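**Student:** The listed protein sequences correspond, in order, to chains A and B. Following my numbering, the numbering of the first sequence begins with 531 at its first residue and continues without gaps. Following my numbering, the numbering of the second sequence begins with 20 at its first residue and continues without gaps. In this text, a Cβ means the ideal position worked out from N, Cα and C, and glycines have one as well. Just so we're clear, the structure is a prediction, and the values are computed from it rather than from any experiment.
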Amino acid sequence: MDAPAELLQRARAGDRDAIAVLYGRFRDRMIALAFGIVRDRAEAEDCAQEILLRAFDKMPILPDESAFCAWLYRLAINHCLDRKRKLDRRANISHGAPQPQHQPNFDAQIETRLALERALDELSPTARLTLMLREWHELNYEEIAAITNVPVGTVKSRLNQVRREFRRIWEAHNGE
Amino acid sequence: MANEPTEEFSPEIRAAFDNYPCPVGDAAFDAKFWRELDARQNRYRGLGGLLRRLIEVEIEGIAVWRLGVALFSVPVICAIGVALLNLSSAPVMPTASAPQIAQMPLDPLSSPRFAREFWDAPDYEYRAPKAQSEKPKGKEEISCVLSDHDLA
Chain A
531 MDAPAELLQR
541 ARAGDRDAIA
551 VLYGRFRDRM
561 IALAFGIVRD
571 RAEAEDCAQE
581 ILLRAFDKMP
591 ILPDESAFCA
601 WLYRLAINHC
611 LDRKRKLDRR
621 ANISHGAPQP
631 QHQPNFDAQI
641 ETRLALERAL
651 DELSPTARLT
661 LMLREWHELN
671 YEEIAAITNV
681 PVGTVKSRLN
691 QVRREFRRIW
701 EAHNGE
Chain B
20 MANEPTEEFS
30 PEIRAAFDNY
40 PCPVGDAAFD
50 AKFWRELDAR
60 QNRYRGLGGL
70 LRRLIEVEIE
80 GIAVWRLGVA
90 LFSVPVICAI
100 GVALLNLSSA
110 PVMPTASAPQ
120 IAQMPLDPLS
130 SPRFAREFWD
140 APDYEYRAPK
150 AQSEKPKGKE
160 EISCVLSDHD
170 LA
């Protein structure tokens with residue numbers, strides 16, 4: 531998962547080709563991660579844009595090249611959670627008004643997609659994030675542990691718990 | 020990447036995850052990224068850019084200059100507080116006291132009476148108050164000068 535050290539060094543020095551390689555590798559992951567947290571496509575693109583800009587802009591002060599992936603995901607998660615909190619606060623201020631920005635606004639006609647979104651929305655933010663990192667971003671336990679700052683054993687037990695919870699919700703909605 | 024099997028989910032759930040259309044970036048997204056990156060990197064060119072970069076250095080998300088100000092302000096505030104306490108509790112030194120207003124002779128020209136009369140009558144001529152004549156001593160008063168009778 532980690533980018534080669536030489537590539538990171540070039541990107542850190544401002545080499546456009548190296549930045550382009552890393553950008554291409556992480557662009558869609560960052561958009562998907564942001565979308566999983568803020569649950570709005572336009573907001574997710576804004577978040578991903580800002581995360582990638584900060585990442586490649588702040589690369590000269592990165593402490594450890596081998597931790598680039600974990601650092602980028604942490605940066606992304608913190609930024610998206612912060613953005614999500616602001617969106618929720620704004621939504622709470624406008625009492626009772628419809629909240630279109632919290633609904634997925636891309637074409638989701640297939641029933642399973644809607645069911646998946648509904649089940650994910652019922653999970654806690656931490657549980658949803660852990661499941662997303664595992665299922666969509668295909669990170670291994672060690673990588674998730676590095677990103678979320680918890681031991682590997684905690685990641686494993688948390689994932690088991692989240693999967694049980696997800697199955698329960700899924701079956702409750704789709705069992706009949 | 021995904022080294023561990025994910026057989027915990029049923030094929031139906033697995034398919035839902037695999038087929039979920041996560042949003043992806045497009046050409047407009049890329050163009051915006053490169054434009055913004057150029058703009059940001061241009062901000063850090065030259066001496067001004069170096070200063071800006073130094074100011075924007077962060078530790079755990081907090082700008083270093085803010086940390087410096089916060090750390091510096093603590094001893095400064097303490098020093099000001101101690102100085103104020105010392106000033107308020109300092110012993111009062113004896114100083115030469117000014118004469119009381121009541122003891123000062125009243126200047127007749129600046130008295131309210133003079134001002135009012137001067138205003139009412141432009142040709143007012145100031146007359147200095149007559150000096151009070153000494154009261155003649157009565158016979159019963161004791162004189163300091165020895166009289167002939169006393170000598171006798």
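1. Can you give me the Cβ contacts of R71 of chain B inside the same chain, cut-off strictly under 7 angstroms, excluding the 5 residues immediately before and after it?
2. Nearest by alpha-carbon distance to R542 of chain A: which of A:E536, A:M589, A:I699 is it?
3. Under a Cβ-count criterion, where at least 16 other Cβ atoms within 10 Å of its own Cβ denotes burial, should L582 of chain A be classed as buried or exposed?
4. Going by Cα to Cα distance, which pick from A:R569, A:D545, A:A606 is closest to Q579 of chain A?
5. Is W700 of chain A close to chain D? Criterion is C-beta to C-beta, closer than 7 angstroms.
6. For D558 of chain A, would you say it is in contact with chain B, using Cβ-to-Cβ distances shorter than 7 angstroms as the test?
7. Is I561 of chain A near A572 of chain A, with beta carbons less than 7 angstroms apart?
8. Nearest-angstrom Cα distance between E27 of chain B and G87 of chain B?
9. Anything in chain B within Cβ reach of W666 of chain A, meaning under 8 angstroms, just list it in chain order.
10. Determine the chain A residues that contact R59 of chain B at a beta-carbon separation under 7 angstroms, and present them in chain order.
11. Is there a Cβ from chain B that is less than 7 angstroms from the Cβ of A627 of chain A?
12. Does any C-beta atom of chain A lie closer than 7 angstroms to the C-beta of G44 of chain B?
13. Is it the case that the Cβ atoms of N704 of chain A and A645 of chain A are separated by a distance below 7 angstroms?
14. Out of curiosity, what's the CA-to-CA distance linking P628 of chain A and R619 of chain A?
15. Name the chain B residues whose beta carbon is nearer than 9 angstroms to that of R643 of chain A?
16. Closest Cβ-Cβ distance between I32 of chain B and chain A: below 7 angstroms?
17. State yes or no: is the beta carbon of I677 of chain A nearer than 7 angstroms to at least one beta carbon in chain B?
18. Mind checking if L56 of chain B is an interface residue toward chain A, Cβ cutoff 7 angstroms exclusive?
19. Should R658 of chain A be flagged as near chain B, meaning a C-beta pair shorter than 7 angstroms?
20. Can you tell me the Cα-Cα spacing of L659 of chain A and I567 of chain A, whole angstroms?
21. Name the residues in the region 537–556 of chain A whose C-beta lies less than 8 angstroms from a C-beta of chain B; which are they?
22. Identify which residue in A:F565, A:E673, A:Y553, A:L617 has its Cα closest to the Cα of P42 of chain B.
23. On the criterion of 16 or more Cβ atoms from any shown chain inside 10 Å, does E673 of chain A qualify as buried, or is it exposed?
24. Got a sec: is the Cβ-Cβ distance from I561 of chain A to anything in chain B below 7 angstroms?
25. What's the gap between the Cα of A50 of chain B and the Cα of A597 of chain A?
26. Give me whichever residues DSSP pairs with A675 of chain A in a beta bridge.
27. Please check if any C-beta of chain B sits within less than 7 angstroms of the C-beta of L653 of chain A.
28. Would you kindly check if the distance between the Cβ of F586 of chain A and the Cβ of A649 of chain A is under 7 angstroms?
29. Would you tell me roughly how many angstroms separate the C-alpha atoms of A34 of chain B and L73 of chain B, rounded to the nearest one?
**Tutor:** Looking at the atomic coordinates:
1. So the qualifying residues of the chain are R62, Y63.
2. Cα-wise, what sits closest to R542 of chain A is A:M589.
3. Burial check for L582 of chain A: the Cβ neighbour count within 10 Å reaches 16 or more, so the residue is buried.
4. Comparing Cα-Cα distances from Q579 of chain A to each of A:R569, A:D545, A:A606, the minimum goes to A:A606.
5. In the structure shown, chain D does not exist; the protein chains are A and B.
6. Interface residue, yes.
7. Taking a C-beta distance under 7 angstroms as the contact criterion, I561 of chain A and A572 of chain A do not qualify as a contact pair.
8. Cα to Cα, E27 of chain B sits roughly 51 angstroms from G87 of chain B.
9. Neighbours of W666 of chain A on chain B, chain order: F36, Y39, C41.
10. For R59 of chain B, the C-beta contacts it makes with chain A under 7 angstroms involve L583, D587, in order along the chain.
11. A caution first: A627 of chain A carries a pLDDT of 47, below 50, which makes its placement in the model too unreliable to give a value.
12. Yes - at least one Cβ of chain A is within 7 angstroms of the one on G44 of chain B.
13. In this structure, N704 of chain A places its C-beta atom within 7 angstroms of the C-beta atom of A645 of chain A.
14. Because P628 of chain A carries a pLDDT of 47, less than 50, the predicted location of this residue cannot be relied on, and the following value inherits that uncertainty. About 14 angstroms.
15. Under a criterion of Cβ atoms nearer than 9 angstroms, the residues of chain B adjacent to R643 of chain A are, in order, A35, N38, Y39, P40.
16. Look at I32 of chain B: its C-beta is under 7 angstroms from a C-beta on chain A.
17. So no, I677 of chain A is outside the interface.
18. Cβ-Cβ to chain A under 7 angstroms: yes for L56 of chain B.
19. R658 of chain A has a beta carbon lying at 7 angstroms or more from every beta carbon in chain B.
20. In a straight line, the C-alpha of L659 of chain A is about 7 angstroms away from that of I567 of chain A.
21. For the region 537–556 of chain A, the set of positions with a beta-carbon nearer than 8 angstroms to some beta-carbon of chain B reads G544, I549, Y553 in chain order.
22. Selected option, being the one with the closest Cα: A:F565.
23. Classification of E673 of chain A: buried, given that the 10 Å Cβ count is 16 or more.
24. It does; some Cβ of chain B falls within 7 angstroms.
25. In a straight line, the C-alpha of A50 of chain B is about 27 angstroms away from that of A597 of chain A.
26. According to the DSSP secondary-structure assignment, A675 of chain A is paired through a beta bridge with no residue.
27. Using beta-carbon distances, L653 of chain A does not count as an interface residue toward chain B, since no partner is under 7 angstroms.
28. No, Cβ-Cβ distance for A649 of chain A and F586 of chain A is not below 7 angstroms.
29. For A34 of chain B and L73 of chain B, the distance between alpha carbons rounds to 49 angstroms.
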